[in-house]
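So our numbering is basically just the index in the sequence shown, starting at one, shifted up by 1.
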Amino acid sequence: MAMPTDKLPQGDDKRQAVRSMFDTIAPRYDMVNRIMTFRMDVGWRRQAVSSLRLDPSSTVVDLACGTGDFCVSLDEGGHEAIGVDLSLGMLRSARCSSPLLQGDLLALPLADNSVDAAVCGYALRNLVELRPFFGELARVVRPGGRIALLDVSEPDNPVVRFGHSIYFNKVVPFIGGLLSDKNAYAYLPRSVSYLPAPAEMTRWLTEAGMVDVERRQLTGGLSQLLSATVSS
Ligand SMILES: C[S@@+](CC[C@H](N)C(=O)[O-])C[C@H]1O[C@@H](n2cnc3c(N)ncnc32)[C@H](O)[C@@H]1O
């Protein structure tokens, strides 16, 4: 199913459209990502990993791992990474040596309390629902384990917000259309409207059984990092 260009899909239509979109853009995903973010995405993932405060040789699941960027850096840090993603195209384009599973974040193919921590990069707005995902995080991460979730954000500063809005809404779809798939990169800025308000996401994390819930803006609000500890 191609990503619709008019109204945003919901429910199972959204799940299928998202999977098909990532299957399509997978081969050029990394290259386009690095160009669009001027490689800032690398630093944002690094900050997410450091917020996990991992012990040596921890087992960490990279949820919606895509092409495995988090898996690579976890592996380099001496940790055991496992990737899960819905899109076979993205998994086939992955460049990591970690075990990768095809699966849905709303029904994770992992046992209860089976990992020390979880990361998730830029997938929250692609999910059909967030609360069941937060429930899955609390189920698979052991008590006392950490989670770090990254997604796009809106800068607080009005001048930066204006510049960012031009870049994100006009430049990104244009460059994405030239280098990869026009519909997919037109969907990217529109998909931000799926993302709930920060206060709602932090409340849902608390309701799912997380403590020390924090939200941080990265690089002036170009990205946001939600982190928390699964209650013991
Ligand atoms: C923007 S990419 C991010 C990939 C990677 N985490 C990164 O930081 O580059 C979003 C990823 O979420 C995956 N995804 C979307 N919905 C999903 C779901 N319900 N379950 C698992 N993965 C999903 C997509 O297939 C895609 O690989």
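Backbone N, C-alpha and C fix where the C-beta goes; we use that ideal spot for every residue, glycine too. All values derive from a computational prediction rather than experimental measurement.
Would you call residue i buried or exposed, if buried means 16 or more other Cβ atoms sit within 10 Å of its Cβ?
i, result
"Met2", "With a pLDDT of only 48 at Met2, under 50, the local geometry of the prediction cannot be trusted, and the value read off the model is given with reservation. Exposed is the call here."
"Gln225", "buried"
"Gly44", "exposed"
"Gly12", "exposed"
"Ile83", "buried"
"Asp56", "exposed"
"Leu179", "exposed"
"Glu137", "buried"
"Ile167", "exposed"
"Ala18", "buried"
"Pro174", "buried"
"Val212", "exposed"
Shorter than 8 Å, the distance from the beta carbon of residue i to the closest heavy atom of ligand 1, or not?
i, result
"Asp13", "no"
"Arg46", "yes"
"Arg16", "yes"
"Cys66", "yes"
"Gly177", "no"
"Asp182", "no"
"Asp86", "yes"
"Leu206", "no"
"Ala119", "no"
"Arg29", "no"
"Tyr186", "no"
"Val62", "no"
"Leu55", "no"
"Leu151", "yes"
Could you tell me the boundaries of the alpha helix (DSSP H) in which residue i lies?
i, result
"Ser88", "Counting along the chain, Ser88 falls outside any alpha helix (DSSP H), and DSSP gives it neither H nor E."
"Arg96", "Looking at the DSSP string, Arg96 is not in any alpha helix (DSSP H), and its letter there is neither H nor E."
"Pro10", "Careful: Pro10 lies outside any alpha helix (DSSP H) and carries neither H nor E."
"Thr60", "It is not in any alpha helix (DSSP H) - Thr60 instead sits in the beta strand (DSSP E) that spans Thr60 to Leu64."
"Val214", "Segment Met211 to Leu219 is the beta strand (DSSP E) holding Val214; no alpha helix (DSSP H) there."
"Leu53", "Unbroken run through Leu53: none, as it is neither H nor E."
"Tyr186", "Lys183 to Arg191"
Report yes if the CB atom of residue i is closer than 9 Å to the CB atom of residue j, and no otherwise.
i, j, result
"Phe23", "Leu64", "no"
"Ala209", "Arg126", "no"
"Ser59", "Glu81", "yes"
"Leu109", "Glu130", "no"
"Phe135", "Leu206", "yes"
How is the beta strand (DSSP E) around residue i delimited, first residue to last?
i, result
"Val231", "Ser224 to Val231"
"Gly145", "Val142 to Val153"
"Gly122", "Val116 to Gly122"
Between the region 121-134 and the region 147-157, do three or more beta carbon pairs fall short of 8 Å?
yes
With three or more C-beta pairs closer than 8 Å as the rule, is the region 185-196 touching the region 156-165?
no
Answer yes if the region 86-105 comes into contact with the region 16-35, meaning at least three C-beta pairs across the two stretches below 8 Å, and no otherwise.
yes
Is the region 97-106 touching the region 28-46 in the sense that three or more CB pairs, one from each, lie closer than 8 Å?
no
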